[in-house]
Structure formats: structure tokens, C-alpha cells
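In short: position in the sequence shown from 1, add 231, done, that's the working numbering.
Report on one structure; see the data block that follows.
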Amino acid sequence: MTMAAAMQSRTAEAPARSEASRIAQVDVVTDLAEAEAVWRAFEANGHLFTPYQRFDLLSPWQRLVGAHEGARPFIVIARDAERAPLLLLPLSQRQSHGVRTACFMGGKHTTFNMGLWNAEFAARAASADLDALLASLREHVDVLVLTQQPRRWRGQQNPFALLPRQSAINGCPRLVMEPGGTPASRISNSLRRRLKSKEKKLQSLAGYRYHLATSDADITRLLDWFFRVKPARMAEQKLPNVFAEPGVEQFVRSACLAPRSEGRVIDIHALECDDEVIAIFAGVADGERFSMMFNTYTMSDHARYSPGLILMRYIIDRCAELGYRSLDLGIGSDDYKRMFCKDDEDIFDSFVPLTSRGKLAAMAMSSLSHGKRLVKQNQVLFDMARRLRQAFG
């Protein structure tokens, strides 16, 4: 290791009192390039992680968005006595009012946050392992802000569910798909009939088609359209345009063009005809789960035929044919999501103080998060908060 790399990778020996822990060493890496090889190895089969934690998604987010927000890479790699990696935490560190916080990379663009775990270690991880991990981070961080974590992933418990936790601010509706299930088990026959009736209006358009974008040219063309239309749609809904924030467009383009074995890091599904793009849904997938990240639909008169819902039906049926077990449309219980997703993902937040300074910060963050959740669950309070936000910009 070079001197520069050695300065960027600080190693802390796990304290002797955690003898029951398999974690023998914890490295804190502040350079994405230095962590890349271990990170990509964790993305291979046999490890536990969500598709939101891929290097080719979080690396451009950190470079293009996180760095602009003042977040620095804080990548934690836990190893056993033979130096084999057991866990990688893709975190970023910030400092505000003298308090050092570390949270998952990805900000508001990731639905689920998790570490990348050796699956066998994750299945047996106990409190002693987490104690050893946290003790090794106290000199670097005052509080860990670990939000929007799934309690289970691919049928296995998230080891961080052992930490003190509370329900996440927002829920995430989920569609569970049984292998070999009938089309009606995924989408009711009545909804299918309504969508089929609407789609007849679109099927008369020249070149009408559903497809998954595969070429760089197609992906770029669809993103060019998205970044023209989405701001108009968000303005229409009186919502802030998160895609206009510094670095976000470049981050999205980078992840959509980045290859992976089964497609792209972010896949773009489109409904279009020869004259226009009608709707797109983009999301991440891992062969078992599809998670939607962003979408929009045409500003033309064709919007009245519910092209977003028609496109969603195509995506659900395609995922079922490929053997996927579940699908979600992102955080939030919008009406259209409930049309397809009847279950709810169990997601939680953990605010973990590591120092005495961090205890007060963790209490404040936990209380604020709990309050926001109460507002979101109470329609009267939620509508009042939304009106106030619109009134004050």
C-alpha cells in the first residue's frame, strides 16, 4: 500500500472484549478507488445486498452529488482474522454543528439502504459482532444515521435489525409475486380489462411498443426526453425538482449507462410510438426484485389513457416471466402504487450514538423522524403541512 493510500485507510483493531465476534479488524476507507475491488467482490453471487448498493450506482452519486453536498466517503470494511472481508458499509460522512455523522450513500435517490454482507456471516451475526464494529468507529463518528433499511432482504434478516430501531418515516408498498402464479394473482382481471381498454387508444399509433432500453443511444435518447418532461410534470404538481439539483442529472445518466451482467445498473422501461415517448419507468433489479426509482409520462393528449399504469402492467408481467419474487414502486403510498402493491415492506431507521456528543444528536434525529412519520400517517396534518410548504415555497 502506498503512503497516500495508507493515510486514507485507517485501521482500527476490534477491542479485545469482543472475543466472541468474528470481526478482527475494521478498515475505514475514504477513497472510492481504494474500496472498489472489495466492493465489487461483494456484488458477486452469495452475498447479501440490495441493488441500490452497487458500486456503479453509489460511486457516481458520491462524486457528483454527495461531494457537492459536503459529504465525504466513509467506507467501512470489516474483516475476520484471516483478513477476509465480512461486511462493507457504503457510508458518507458529514460534520454539522460540531457533530460528525455517517449515513448511507445515495441520499434521497435510494429506496433501500443496507451494508454489503458476506451472506454466511450475516446469517450468524450477533450483538457481539455489531458491538465490535461500532466500537471501532467511535474515533471517527459521533452518530450513525442508518435510514430506510429493509428488515429482511431475499429472505434473510438484515443484521442491523439487531440495533435499536424505529419505523421509517415513509412506507414502501410492495407486490409479492408467487413463482408460476397466474396473471390475475399479480394484477386483478378487472384492472387488466380497464388498462386493455385504455391501451386500445394507444395501439393505433404508428410504431407503438413497450421495450427495455438496451443500447447507449436508446438510453441517452430516453433520458434526454425525461429531463425535458419531468421538470414540467413536477411544476404541475407543485413539487420541487430534485433532478435539477447539482450533479443529479449526471449521476442518473452515469448509472443508467453503466453495464451489469443482466442489463444496466438502472434499467429504463419505455412505452413509445414513432412520434413520441409516451412513458418511462426506471429502476434497479437483481433477478429477484425490481425497485422503481423514477418515472414520468407524456405531456401530450395521450396522457389521458393512463400510459404509466399500462407500462407498469408490462413491467410486472415481464418480471414475473423472469421469475422475480417481488416488485416495488418506491417510497410513499401514492394511489397508483396501491393499485398494484398490496403489501408493505418492513423498513426501519436506526440513529446510533457512538460518543457522548452523538447521544443528544441521535435523540433529536429520532424524535424528528418519529414526528414526521406521525404527520405522514395523519391525513389532516399531512395536508396542512403540504399547504404550508407550498405557501412558503
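Ideal Cβ placement from N, Cα and C applies to all residues, glycine included.
Burial state of residue i (16 or more Cβ within 10 Å)
i	result
Gly411	exposed
Ala237	Confidence at Ala237 is low in this model, with a pLDDT of 36, below 50, so the placement of that residue is unreliable and no value is reported for it.
Leu470	exposed
Leu540	buried
Asn420	exposed
Cys572	buried
Leu599	exposed
Asp574	exposed
Asn276	exposed
Ala513	buried
Thr445	exposed
His328	exposed
Sequence-distant residues of its chain with Cβ nearer than 6 Å to residue i (five each side left out)
i	result
Asp505	Ala437, Gly438
Gly589	Asp373, Val374
Pro390	Ala353, Ala356
His500	Leu443, Phe512, Ile546
Simplified DSSP state of residue i, which is helix, strand or coil
i	result
Val473	helix
Gly494	strand
Ile562	coil
Met523	strand
Pro282	helix
Gln380	strand
Tyr528	strand
Arg405	strand
Glu274	coil
Own chain, CB closer than 7 Å to residue i, minus 5 neighbours either side, in chain order
i	result
Leu585	Leu365, Leu368, Arg369, Val372, Asp373, Val374, Leu375
Val473	Lys339, Val479
Arg396	Phe579, Asp580, Ser581
Arg325	Gly301, Ala302, Thr332
Met543	Phe512, Phe571
Glu507	Thr529, Ser531
For residue i, the first and last residue of its enclosing beta strand (DSSP E)
i	result
Pro321	316-327
Supposed close pair residue i, residue j - CB separation, criterion 8 Å
i	j	result
Pro404	Ser564	6 Å
Terminal residues of the alpha helix (DSSP H) in which residue i lies
i	result
Gly539	538-552
Asp373	Element bounds for Asp373: n/a, residue is neither H nor E.
Ser358	358-366
Cut-off 8 Å between Cβ atoms - residues of its own chain near residue i, not counting five sequence neighbours on either side
i	result
Thr451	Arg484, Leu488
Arg491	Arg285, Asp287
Glu467	none
Neighbour flag for residue i against chain B, beta carbons, 8 Å
i	result
Ala255	The displayed structure is made up of one protein chain only, and chain B is not part of it.
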